[in-house]
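Its first residue numbered 112, the sequence shown is counted upward by one per residue in our numbering.
Virtual Cβ for every residue (Gly too), placed ideally from N, Cα, C.
None of these values were measured; they are calculated from a predicted model.
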Amino acid sequence: MAIQAPDVNRVLAPDGTVDERADPDLSASAVVDLYRLQVFARTFDEKAVTLHRQGRIGTYAPLQGQEAAQVGAAYALAEDDYCFPTYRDHAMYLARGLPLEDVLVYLLGEGNYVDRQDPEGLRTFPPTIPIATQLPHAVGTGMAADYRGDDCATLVSFGDGATSEGDFHEGMNFAGVFDAPTVFFCQNNQWAISVPRERQTASATIAQKARAYGFEGVRVDGNDVLAVYAAVSDALDAARAGEGPRLIEAVTYRQGAHTTTDDPSKYRDDEEVAEWVERDPVERTREYLEDAHGWTDDDERELREWADERVAEAVATAEDATGLGVEDIFEQVYAETPRKLRRQREQVVDDPEVDR
Ligand SMILES: Cc1ncc(C[n+]2csc(CCOP(=O)(O)OP(=O)(O)O)c2C)c(N)n1
């Protein structure tokens, strides 16, 4: 039986009209900021895929299509809130204020964001690669802040695939029982590598799962930056006010590959991608800016130039600051290198015949 998923909350309708009742009524400069961050993230994302193809960074998880979800959610955070992103949430880091150089240094194989994060007081954790393990951590961090009497909440980001993990259910259950000030932010981008959303859960929506844990779930158009911002702001305000957790399902789409080592043409068709590209979040924000705030072609050109320059500058700085060689692959895991690895090292590093 096909289960019909209910509609999503949105501010910006696909035809460009605005739902006044849901509009968070942000100032023009805040909307420009939300757009600027999305353009910055996309410019970086495209560059990162190129850098991978050129062998200059390691495996990279593209975020294209998810800019509004990531930027809208991170922008809603207050300075004292905590943020737990994943490996795909580069735009969240940028919106949170992490310098792009730091994101790049990590992708170049050095550091893990955390080295630089504390001095800057970003309260933003390193990206989690094991799926859903950050959820219990986020709940615990929220509870700890609550015990200390701090006026803050935590936001934890994850994908639709993460909702099949035990850690998702444990985190949600704990948050519900202890009224943890935690906002669960699920970017339902329709795919978990090659597994479609329909094979992930038999529930009509991900948002409805919150009801089983005794709190509210909200479904929002994840390609509508204003709707995401409004939903996450409300949830964070409620969490800080002692009203407990909330689950937000941001319905969006991963336009690119799962990572730079994935070929999505093996499991999804071009028509599906094209349909979602029609609802592109960055374009939608630009159209809104033009209609509502008089954004001009000159503004657009200036922003694009700024983003290109800023990305190029960050890449140059990060590449200058890092100098890993192939031998470093063997240095970071074992205190004493096992014999098998020593032999591999000899072959790769010490053999002058090997073309690097
Ligand atoms: C515990 C665990 N199991 C399996 C994997 C391998 N893996 C990496 S990404 C991924 C899919 C995750 O999909 P989703 O949660 O929807 O997030 P998305 O990648 O779409 O952003 C899987 C299974 C992993 N990283 N961690």
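Give me the Cβ distance between residue i and residue j, rounded to the nearest whole Å; I'm assuming they're in contact under 8 angstroms.
i    : j    : result
V331 : T396 : With 8 angstroms as the limit, V331 and T396 do not qualify as a contact, their Cβ atoms being about 15 angstroms apart.
C263 : D192 : 5 angstroms
L414 : R147 : 6 angstroms
P356 : A291 : 6 angstroms
G176 : E398 : Not really, about 16 angstroms apart at Cβ, beyond 8 angstroms.
A427 : V216 : Not quite, the Cβ-Cβ distance comes to about 12 angstroms (not below 8 angstroms), so this is no contact.
V339 : A361 : 6 angstroms
A303 : T293 : Going by Cβ atoms, the distance from A303 to T293 rounds to 22 angstroms, so no, they are not a contact pair.
In the DSSP assignment, find the unbroken alpha helix (DSSP H) run with residue i in it and report its ends.
i    : result
T265 : Counting along the chain, T265 falls outside any alpha helix (DSSP H), though it belongs to the beta strand (DSSP E) covering T265 to G270.
H280 : G277 to F289
W406 : That residue, W406, is in no alpha helix (DSSP H); it is neither H nor E in DSSP.
V384 : D381 to E389
H201 : H201 to R207
V453 : The sequence given here has Arg at residue 453, not Val. Per DSSP, R453 belongs to the alpha helix (DSSP H) from R450 to R456.
Y217 : L211 to L218
Helix, strand or coil: how does DSSP classify residue i here?
i    : result
Q228 : A caution first: Q228 carries a pLDDT of 49, below 50, which makes its placement in the model too unreliable to give a value.
L145 : helix
V160 : helix
R247 : Here the sequence assigns Pro to residue 247, which means Arg is not the residue at that position. Of the three classes helix, strand and coil, the one that applies to P247 here is helix, per DSSP.
V182 : helix
P241 : coil
L347 : helix
I317 : coil
S138 : coil
G260 : coil
P173 : coil
L337 : helix
R153 : helix
T252 : helix
A429 : helix
E424 : helix
A187 : helix
R415 : helix
V444 : coil
R167 : coil
A352 : coil
A273 : helix
Across which residues does DSSP place residue i in a beta bridge pair?
i    : result
L435 : Answer by DSSP bridge pairing: none, since L435 is not bridged.
D332 : V362
E398 : DSSP lists no partner for E398.
R357 : V294 and E327
V129 : L123
T235 : C194
P307 : W302
Could you spell out where the beta strand (DSSP E) holding residue i opens and where it closes?
i    : result
Y193 : Y193 to F195
With 8 angstroms as the threshold, decide whether the Cβ of residue i is near any Cβ in chain B.
i    : result
E416 : Judged by its chain identifiers, the structure shown contains no chain B, having just a single protein chain.
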